Structure formats: structure tokens, C-alpha cells
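Data block below; observations after.
Protein chains: 2
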Amino acid sequence: MIQRPRGTRDFAPDEMEKRRYIESLMRKEAEIFGFREIATPIFEHAELFTIKSGPGILEEMYAFKDKGGRELTLRPELTAPVMRFFVNELTDMPRPLKLYYMGPCFRYERPQSGRFREFYQFGAELIGAKNPESDAEIISLASSIMKKIGLRDYKVRIGHIGILRDILRKEGVEGENASLILQKLDKKMYDEARVVMEEKGMSEASIKEIIGITKISGQQSVLKELQSFKGEAKEYLSQVMEILEILGIENLLVDLGVVRGLDYYTGVVFEIEVPSLGAEKQVCGGGSYSLAELFGGEKVFSTGFAIGFDRTLIALEKQKIEIPKKRVDVYVIPLTEELRGKAFEITARLRSNEISTDVDLMRRSLQKNLKYAASIGVRYAIILGEREMEKNIVLLRDMDTGEQVPIAITELTEWLAHARGIAPEAAGGDTKKRLGGKLSRPSDAS
Amino acid sequence: MIQRPRGTRDFAPDEMEKRRYIESLMRKEAEIFGFREIATPIFEHAELFTIKSGPGILEEMYAFKDKGGRELTLRPELTAPVMRFFVNELTDMPRPLKLYYMGPCFRYERPQSGRFREFYQFGAELIGAKNPESDAEIISLASSIMKKIGLRDYKVRIGHIGILRDILRKEGVEGENASLILQKLDKKMYDEARVVMEEKGMSEASIKEIIGITKISGQQSVLKELQSFKGEAKEYLSQVMEILEILGIENLLVDLGVVRGLDYYTGVVFEIEVPSLGAEKQVCGGGSYSLAELFGGEKVFSTGFAIGFDRTLIALEKQKIEIPKKRVDVYVIPLTEELRGKAFEITARLRSNEISTDVDLMRRSLQKNLKYAASIGVRYAIILGEREMEKNIVLLRDMDTGEQVPIAITELTEWLAHARGIAPEAAGGDTKKRLGGKLSRPSDAS
Numbered sequence: 006m007i008q009r010p011r012g013t014r015d016f017a018p019d020e021m022e023k024r025r026y027i028e029s030l031m032r033k034e035a036e037i038f039g040f041r042e043i044a045t046p047i048f049e050h051a052e053l054f055t056i057k058s059g060p061g062i063l064e065e066m067y068a069f070k071d072k073g074g075r076e077l078t079l080r081p082e083l084t085a086p087v088m089r090f091f092v093n094e095l096t097d098m099p100r101p102l103k104l105y106y107m108g109p110c111f112r113y114e115r116p117q118s119g120r121f122r123e124f125y126q127f128g129a130e131l132i133g134a135k136n137p138e139s140d141a142e143i144i145s146l147a148s149s150i151m152k153k154i155g156l157r158d159y160k161v162r163i164g165h166i167g168i169l170r171d172i173l174r175k176e177g178v179e180g181e182n183a184s185l186i187l188q189k190l191d192k193k194m195y196d197e198a199r200v201v202m203e204e205k206g207m208s209e210a211s212i213k214e215i216i217g218i219t220k221i222s223g224q225q226s227v228l229k230e231l232q233s234f235k236g237e238a239k240e241y242l243s244q245v246m247e248i249l250e251i252l253g254i255e256n257l258l259v260d261l262g263v264v265r266g267l268d269y270y271t272g273v274v275f276e277i278e279v280p281s282l283g284a285e286k287q288v289c290g291g292g293s294y295s296l297a298e299l300f301g302g303e304k305v306f307s308t309g310f311a312i313g314f315d316r317t318l319i320a321l322e323k324q325k326i327e328i329p330k331k332r333v334d335v336y337v338i339p340l341t342e343e344l345r346g347k348a349f350e351i352t353a354r355l356r357s358n359e360i361s362t363d364v365d366l367m368r369r370s371l372q373k374n375l376k377y378a379a380s381i382g383v384r385y386a387i388i389l390g391e392r393e394m395e396k397n398i399v400l401l402r403d404m405d406t407g408e409q410v411p412i413a414i415t416e417l418t419e420w421l422a423h424a425r426g427i428a429p430e431a432a433g434g435d436t437k438k439r440l441g442g443k444l445s446r447p448s449d450a451s
Numbered sequence: 006m007i008q009r010p011r012g013t014r015d016f017a018p019d020e021m022e023k024r025r026y027i028e029s030l031m032r033k034e035a036e037i038f039g040f041r042e043i044a045t046p047i048f049e050h051a052e053l054f055t056i057k058s059g060p061g062i063l064e065e066m067y068a069f070k071d072k073g074g075r076e077l078t079l080r081p082e083l084t085a086p087v088m089r090f091f092v093n094e095l096t097d098m099p100r101p102l103k104l105y106y107m108g109p110c111f112r113y114e115r116p117q118s119g120r121f122r123e124f125y126q127f128g129a130e131l132i133g134a135k136n137p138e139s140d141a142e143i144i145s146l147a148s149s150i151m152k153k154i155g156l157r158d159y160k161v162r163i164g165h166i167g168i169l170r171d172i173l174r175k176e177g178v179e180g181e182n183a184s185l186i187l188q189k190l191d192k193k194m195y196d197e198a199r200v201v202m203e204e205k206g207m208s209e210a211s212i213k214e215i216i217g218i219t220k221i222s223g224q225q226s227v228l229k230e231l232q233s234f235k236g237e238a239k240e241y242l243s244q245v246m247e248i249l250e251i252l253g254i255e256n257l258l259v260d261l262g263v264v265r266g267l268d269y270y271t272g273v274v275f276e277i278e279v280p281s282l283g284a285e286k287q288v289c290g291g292g293s294y295s296l297a298e299l300f301g302g303e304k305v306f307s308t309g310f311a312i313g314f315d316r317t318l319i320a321l322e323k324q325k326i327e328i329p330k331k332r333v334d335v336y337v338i339p340l341t342e343e344l345r346g347k348a349f350e351i352t353a354r355l356r357s358n359e360i361s362t363d364v365d366l367m368r369r370s371l372q373k374n375l376k377y378a379a380s381i382g383v384r385y386a387i388i389l390g391e392r393e394m395e396k397n398i399v400l401l402r403d404m405d406t407g408e409q410v411p412i413a414i415t416e417l418t419e420w421l422a423h424a425r426g427i428a429p430e431a432a433g434g435d436t437k438k439r440l441g442g443k444l445s446r447p448s449d450a451s
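Now the structure itself:
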């Protein structure tokens with residue numbers, strides 16, 4: 006047997022249904038916020054990511070040469086492709102530009118729990134706005150998505166990389182040196198960060214201040230602990246927090262230890278985590294950044310986030326959050342060969358009325374058909390018998406209760422559409438109610 | 006500037022919205038038919054496709070070695086991955102198994118009109134049923150999708166590869182030799198097909214019969230032209246056609262020239278084409294096949310199709326089929342700095358009621374905000390002024406008519422939800438009606 010490649014997954018119908026359901030809630034929330042979807046290719050020129058993240062990322066990518074000798078790579082993330090697209094083609098669009106996207110990304114790493122070589126990201130970017138409002142908008146969307154999908158016990162940790170960068174700059178540490186220190190701090194490797202800071206000749210006071218700041222975490226009031234330090238960054242972060250309060254965003258935490266070591270992060274940075282997930286607790290990360298100029302565009306202020314879709318699903322599962330299951334409405338069973346045509350006729354009519362309908366394709370016995378219908382979770386079986394058909398009647402069987410009533414063929418569509426109509430199918434709607442009508446005689450149903 | 010790789014595309018919001026809309030109609034139709042979605046990885050072991058289609062396909066694939074030396078490839082199509090998944094993990098599921106999928110595939114070929122290196126397929130497979138019903142079900146789904154998305158002037162051409170294979174077999178021509186002949190016939194290269202058939206020692210009568218058969222095309226009655234030939238295949242095809250008639254499928258054509266030269270096609274084969282598209286007229290192809298055993302599974306009868314999603318969209322565009330455009334419901338504009346908080350409060354309340362809402366993130370003037378709101382196609386603007394806010398009133402502006410009325414903040418959500426409620430948002434619903442309520446005083450709206 007040929008196996009699927011290591012670190013990748015196949016998704017069977019039940020799993021796929023869950024994924025699509027959560028994805029649809031995420032999309033819907035993004036659209037409620039006025040974001041619009043875009044898509045970029047599965048592979049890109051490798052250069053796009055080495056420019057953004059340095060040549061080290063080549064080690065972690067599925068990079069390959071095409072037959073024309075071009076260095077390509079499966080995309081390891083989506084912000085760089087979106088900004089490339091923006092720089093090449095979207096600079097004339099009205100700003101701010103609010104974009105979201107969802108799709109597979111690829112990283113060549115050892116497969117382990119919650120980490121796959123092919124994984125899915127849902128993300129959003131807000132391009133062209135430079136105020137605390139825009140950071141608040143992005144954090145608000147990420148948080149609202151987590152709330153909407155039913156996630157519990159998550160924390161939204163918000164920091165500002167500019168506060169640390171300001172201090173480093175005052176001490177003459179910028180560029181790669183600053184990044185190196187920030188990366189150590191991001192990993193809470195304080196001793197190693199201290200060694201680098203000492204090497205770069207920073208004062209003991211500044212080193213202490215920086216390490217102290219990265220340990221500041223709590224309600225908005227903790228920003229007062231930064232009294233000695235009156236930077237623009239502190240004021241900016243306060244404003245972001247105020248807007249988020251007004252927007253009613255829950256589980257907020259100021260945490261200046263959120264560092265995100267990459268060079269292109271410029272201001273507010275944030276992470277959403279589910280502490281109960283342990284080492285894989287981070288389900289979302291983002292912040293404001295400056296990338297367009299790296300890709301040959303004009304400098305433009307942007308802020309965005311990426312949600313680790315797979316990890317978020319793992320969190321939902323651990324929290325035993327129930328996801329509504331779709332069911333096929335009807336399964337049509339002809340009892341004789343002669344009635345097969347009639348069965349297809351009824352099937353076609355129900356389908357054209359948007360009632361999801363399956364029909365015996367195997368010429369099975371009644372018993373085997375009912376067993377199959379039950380195994381695929383059908384809501385109603387419609388049974389066509391010779392005697393009933395002479396009176397233009399079929400038997401409608403509630404597959405959950407086993408209850409069975411005769412119903413006129415002419416009333417069938419209406420009865421089922423009515424039962425369905427109680428709670429019309431809507432994206433994210435409660436599908437359990439969809440066909441929740443009590444089984445009743447046709448005369449009761451209108 | 007870094008360009009996207011040749012032959013790939015980025016999709017901007019307007020284009021993406023169209024694609025998602027058509028995709029959602031396809032998905033919905035598949036689910037109405039009782040099919041359920043699955044997904045497989047973007048890349049596979051190259052072997053999967055060379056086993057299915059021969060080593061020649063390596064030339065057309067994005068094949069590469071991963072860092073572990075494994076031969077991988079971006080998937081060129083989706084039937085093989087689905088059957089691999091089936092053989093490895095889904096053989097215990099109740100049969101028939103009705104699966105659908107949608108995603109990008111990749112072929113390394115010269116980019117040209119309607120052909121991309123990254124292209125999208127929507128497909129379905131029905132696994133484990135062997136009757137004319139199952140072929141009819143698959144053809145019916147493919148055709149119903151085309152009807153549902155509004156495609157016009159398409160033809161569903163249905164043939165049976167077994168009719169030709171039977172004749173070849175009687176003349177002792179099987180396996181690769183048969184495939185070679187069928188491939189020539191598929192391309193209507195009759196002279197070359199004749200040369201091969203003569204080489205293989207076939208009788209002149211059989212050669213004439215075969216070439217004659219591939220030219221048979223028309224209503225179901227043309228099957229009578231096959232009177233001299235009483236094969237199982239002919240009877241089977243007749244039954245498929247009869248079921249399709251009962252199901253009310255339109256634009257059907259028996260066409261024994263539909264050949265599909267690949268070895269694993271075993272029975273009924275079909276193509277949907279839009280003749281006005283010229284060389285790129287085929288938008289869907291499928292048929293019954295036998296692949297599971299190639300991948301180490303037991304032999305199982307399957308039938309399925311793949312729709313060329315991109316080409317189908319081109320056809321819809323050429324036919325000027327209108328696709329409803331989503332609009333953001335509301336854009337909130339505070340006229341002063343002090344009212345910014347209030348603007349976020351209103352924004353949050355509307356969003357939590359699922360009214361899609363955008364808000365000024367740029368601290369712009371009223372005029373600039375209205376210009377922006379118009380440019381992104383918002384339906385209503387809500388304007389917050391000092392004097393109105395003292396009375397807890399805002400101005401609601403219809404962005405299409407410019408009409409502007411005062412409305413109490415307490416009534417805002419209800420008014421908008423009501424306007425929206427006239428035609429609730431549903432997958433595939435008419436979004437034009439969504440906020441189609443006439444602008445009226447709040448008192449009229451309840």
C-alpha cells in the first residue's frame with residue numbers, strides 16, 4: 006500500500022465536517038468585521054521567505070527547483086505571500102485594506118503532537134492604518150473568533166515590542182543585535198539574554214529594566230509600573246487596551262513578555278494561548294509589522310495575525326466542545342425492482358427542493374437498506390411499497406425513533422420542507438434543529 | 006519586486022468572492038445528493054501517480070525530493086489520492102461511499118488561456134456500487150451542479166468504454182495495445198488508430214465497426230444503431246440513460262466517441278462540455294474506474310468525476326452569468342475624537358448581532374470616510390455627531406440613495422437586523438435582498 010507522506014493528514018468526512026464548521030465560523034466573523042478573503046499560490050519563490058526570515062528558514066521549508074531551475078518552496082506561512090500580493094497588485098485599493106485568508110502551509114520539521122508538516126492557518130491582515138484602532142481591530146477580530154467558536158479558558162496576551170526596542174536603541178543596540186536579544190527574551194532565556202546585553206556594552210540599569218519589563222504581566226493597570234518610562238509605545242499600548250475594553254473583548258492581559266523576535270514586528274504584538282494545552286498552548290500570534298518595503302513596495306503600516314487552525318481544533322476537542330453534525334435528510338428505498346424508477350423520481354424532486362436525499366444504489370433488501378441508512382446517519386427513510394404506491398402513498402420512517410407513518414407523495418416535499426423550515430439551514434446554524442419536527446400525520450404538518 | 010511563480014494566480018477579494026460563491030453552490034449540491042467532503046494532502050509520494058498513469062506523468066508534475074530523499078510530488082489530480090485514502094483507511098465505512106472534494110492541483114505545463122500550473126478541481130467519487138444507478142447518480146450530480154451554478158449551453162456526452170474494449174478483446178487486443186488505440190480514438194485520430202489496429206491484425210470489419218461506433222452520437226435512440234452488437238455494455242448504458250431521463254437531467258447526449266484513453270476506466274465514461282469555449286470546452290470528465298487494486302487494496306467498483314473549476318468559471322464569465330455581491334452592512338463614522346469610543350461601542354454591538362460592520366480606523370473627516378465607505382461598497386453609513394448623540398440619536402445614511410435619517414441608538418440594531426431579516430443570509434441565497442429594506446423611520450420598521 007502507498008502511504009501518505011509523513012507529517013501530512015487525510016481528513017475523513019466526520020473530521021472534515023468539524024473542520025469546515027469551525028472554518029465557516031471564522032470566515033463569518035471575519036466578514037462581520039468587514040474583512041474580505043484573498044488567496045495566494047501554494048508555492049512561492051523561496052526568496053520571498055528568506056528575505057523575510059533569513060536564509061535559516063530554508064532548512065525548515067519544502068524548497069525545490071522547478072524544471073526551469075527556479076528556486077520554489079511550499080509556503081511556510083501566509084503573511085509574506087499576502088504582502089507580496091499587496092505590493093504587486095493591491096496598492097491602489099482603498100485603505101485600510103482588510104484581508105483574511107485560510108489555507109495549508111508547510112514546514113519540514115519532526116512531526117509531533119499538534120505539529121504537522123502540512124498545517125492550516127487562518128489569518129487576517131489590516132494594511133494601511135497606523136493608529137491604536139487598527140491594532141485593536143485586529144486583536145478584537147482574533148479574540149472574537151476564539152469566542153465565536155466556543156473556545157474557553159484562553160488568554161489574550163498583549164505587549165509592545167517598541168518598549169523594549171526603545172530601551173535597546175537608547176543603549177545603541179539595533180538591527181541584528183537587537184533581534185538576537187529579543188529572541189532570547191521571547192524564549193524566557195534571561196541569563197543568555199543578559200550575556201548578550203553585557204557583550205553589547207549595555208548598562209546594568211538598562212539590562213535590569215529590560216528583563217524587568219518582560220516580566221510585567223497583568224491587568225491594564227500594570228502599565229503604571231512603567232511610570233519611570235514615558236515612551237510613545239506605552240501610551241500607544243494604553244490606547245489599544247482602552248479600545249479593546251470598549252469593544253468588550255474578554256480575557257485580556259497586558260504582558261510585556263510577548264516579544265515575537267522577528268525583525269519586522271514594529272509595535273503592538275499579541276498572542277492567544279490556551280494554558281491547558283501545555284507546550285502547544287499558543288493558538289494565535291500577531292502584531293503590527295512592516296514588510297512591504299522588504300518586497301520592493303513603499304513602507305506601509307500593517308497589523309495582522311495567524312491562527313494555528315489545527316492547534317485550535319485540538320484545544321476545542323480537549324475542551325469537549327460539541328460541534329453540530331450535519332445529517333442527510335432522507336434515504337429512499339424501493340421495495341421492488343419495478344419501483345426503482347419511482348424512487349429516482351421522488352429523489353430528484355426532493356433534491357430539487359434542497360432536501361438532502363440519498364437513494365438505494367445497491368438494489369438491497371429493506372433490512373439492509375435500513376441498516377445502511379442508519380449507519381450513515383440519515384434522518385428519515387422513505388419506503389416505497391407496491392400496495393402503498395397504488396394509492397400514491399409512501400411510508401415515512403423516523404430513523405431515530407423507528408416510528409413509521411404513511412404519507413401522500415404529493416405532500417412529501419411540503420412535509421419535509423416544513424420540518425426543515427423550523428430552523429432553516431444557515432451557516433453556523435443549529436443543524437440539530439433542522440429536521441427536528443415531530444413525526445406527525447401529514448394533516449398535522451401544514 | 007518578487008513575483009508570484011509563473012502559471013500561478015493570486016485572487017483578490019472580488020474574484021475570490023465569485024469563486025467561493027460558485028464553490029459553495031457546488032458543495033451544497035453535492036451535500037443535497039448525500040456526498041460528504043474529504044481532504045487529502047497537497048503533496049503525495051510520486052509513485053501514487055506513476056502507478057496510476059505511467060512514468061510519463063513525471064514530466065508534467067512538480068516532483069521533488071524531500072530532505073529525507075523521498076520522491077514527492079504536488080498532486081496533479083485528486084482521484085488517486087482519494088483512492089489511496091480509501092484503500093488505507095476507509096474500507097470499513099458503509100458502502101456505497103459518497104465522497105466529494107475541492108482543492109488545488111498542479112501541473113507543470115506551458116501556461117496558456119484557461120490552463121494554469123496551479124488549478125482547482127471539484128470532484129466526487131462514489132465507491133463500492135456497481136449498478137447503472139451509481140453511474141447515473143454521478144452523472145446526475147455533475148450535471149445538476151452545472152445547472153445549479155447557472156451554466157448554459159452545455160452538453161453531457163455519455164459513452165461506454167466497454168463497448169469498444171469488448172470488440173478489441175474479441176480481436177485479441179487488450180492491455181497497452183488497447184489503450185494505445187483508445188487514446189488515438191479519443192483524439193479523433195482515426196487514420197492513426199486504423200494503422201495501429203491493422204498492425205495488431207484486426208479484421209477490416211472490426212476496424213470499421215470500432216471507428217463507426219466512436220462516431221455514434223445523438224439522443225438515446227442512437228443506441229439502436231448498435232443493433233448488430235448485443236453486448237452487456239450496450240444494455241448497461243441504456244439503463245444509465247433511462248435513469249437519467251427519470252431524474253430529469255438535461256442536455257444529455259449518447260456519444261460513443263467519449264473514450265478517455267486511460268487504462269483504469271472500465272465502463273461508462275462521460276464529459277460535460279461548453280462548445281462555445283472552443284479548444285478548452287471540456288469542463289468536466291468522469292466515468293467508472295477500477296483503481297483500488299493498483300494501490301494495494303481489493304478490487305472495488307467506483308465511479309466519479311472531476312470538474313475543472315477554473316475553466317467552469319471562465320465559461321460562466323463568458324456567458325455573463327451574474328454572481329451576487331456581498332456587501333458590508335454598516336460603516337460607523339464618529340465626527341469628533343470624543344465620539345470615537347462611542348463608535349467602537351456601536352460597532353461591537355452591531356457585530357455581536359451578526360450585522361457586518363466596519364468603522365473608521367483612520368481618524369478621517371466625514372467626507373473622506375463617506376468616500377471610503379462608498380469605495381468598499383458599504384450599504385449604510387452611521388454618522389455620530391455631538392448634537393445627535395446628546396439625544397442618543399445617530400444618522401443612518403443609505404449609501405446608494407444618499408438618503409439620511411435620524412435613528413435612536415436603541416433602535417439601531419433592531420432596524421438593521423430587520424432590514425437584513427427580509428431575506429436571511431443563506432448559503433447561495435440572494436444577497437442582493439439582504440439589506441434591501443427601504444430606508445424608513447424607525448417607527449415603521451418594527
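Residue numbers (the numbering used here), protein chains in the order written: chain A, 6 to 451; chain B, 6 to 451.
The beta carbon of each residue, even a glycine, is placed where N, CA and C say it ideally should be.
Since the model is a prediction, treat every value here as computed from it, not as a measurement.
- Against chain B, the CB of A:T352 has a partner CB under 9 Å away; the residue lies at that interface.
- Judged by DSSP secondary structure, A:R112 falls outside any alpha helix (DSSP H); it is assigned neither H nor E.
- For A:D363, the uninterrupted beta strand (DSSP E) run begins and ends at T362 to V364, by DSSP.
- Interface annotation, A:D365: in contact with chain B, CB-CB separation under 9 Å.
- Per DSSP, the unbroken alpha helix (DSSP H) holding B:V201 starts and ends at Y195 to E204.
- Annotation: Cβ neighbours of B:G301 in chain A (cutoff 8 Å, chain order): M6 and I7.
- Taking 7 Å as the Cβ-Cβ cut-off, the region 357–386 of chain A approaches chain B at E359, S361, T362, D363, L366, M367, R368, Y377, S380 and I381, given in chain order.
- Scanning the region 40–114 of chain A for uninterrupted alpha helix (DSSP H) segments of 4 residues or longer gives 52–58 and 84–90, listed from N- to C-terminal end.
- For B:A51, the closest of B:K33, B:R80 and B:A35 by C-alpha to C-alpha distance is B:R80.
- Under the three-state reduction of DSSP, A:K330 is assigned to coil, being neither helix nor strand.
- Spanning the alpha carbons of B:N397 and B:R11 requires a straight line of approximately 56 Å.
- Going by beta carbons, A:L169 and A:T219 fall inside the 9 Å limit.
- Between B:A134 and B:R100, the gap from beta carbon to beta carbon is short of 9 Å.
- Distance from the CA of B:I414 to the CA of B:V399, rounded to the nearest whole angstrom, comes to 6 Å.
- Beta-bridge partners of B:P339 (DSSP): B:L389.
- The residue among B:E181, B:V161 and B:Y26 with its C-alpha nearest the C-alpha of B:S149 is B:V161.
- Contacts between A:R14 and chain B, judged by CB atoms closer than 8 Å, involve P46 in chain order.
- In this structure, the alpha-carbon of A:H165 lies about 22 Å from that of A:S208.
- DSSP, read as helix, strand or coil, puts A:Q224 in coil.
- The region 57–69 of chain A makes no contact with the region 311–325 of chain A, as fewer than three CB pairs between them are under 8 Å.
- Contact residues of the region 386–398 of chain B toward chain A are absent (C-beta to C-beta distance below 9 Å).
- Here A:I154 is not bridged, per DSSP, to any residue.
- In this structure, the alpha-carbon of B:A353 lies about 14 Å from that of A:E36.
- About 6 Å separates the beta carbons of B:V201 and B:K189, which is inside the 8 Å limit, making them a contact pair.
- Taken through DSSP and simplified to helix, strand or coil, A:T415 comes out as helix.
- Here DSSP, grouped into helix, strand and coil, assigns B:D140 to helix.
- Between the region 247–263 of chain B and the region 111–130 of chain B there are fewer than three C-beta pairs closer than 8 Å, too few to call the two in contact.
- In this structure, the alpha-carbon of A:F40 lies about 5 Å from that of A:L104.
- Approximately 39 Å separates the beta-carbon atoms of A:A17 and B:I186; this is outside 8 Å, ruling out the contact.
- By DSSP's assignment, A:G262 forms no beta bridge with any residue.
- By the rule that beta-carbons nearer than 9 Å mark a contact, A:L242 does not touch chain B.
- Between A:Y26 and the set A:F124, A:K153, A:I144 and A:K376, the nearest pair of CA atoms involves A:K153.
- Membership of B:Q188 in any beta strand (DSSP E) is not indicated; the residue belongs instead to the alpha helix (DSSP H) covering G180 to D191.
- Under the Cβ distance rule, A:R316 does not count among the residues neighbouring chain B, no pair being separated by less than 9 Å.
- Among the residues facing chain A, B:R425 is not included, as its CB has no counterpart in that chain under 9 Å away.
- Within chain A, no C-beta atom comes nearer than 7 Å to that of B:N182; the closest sits roughly 27 Å away.
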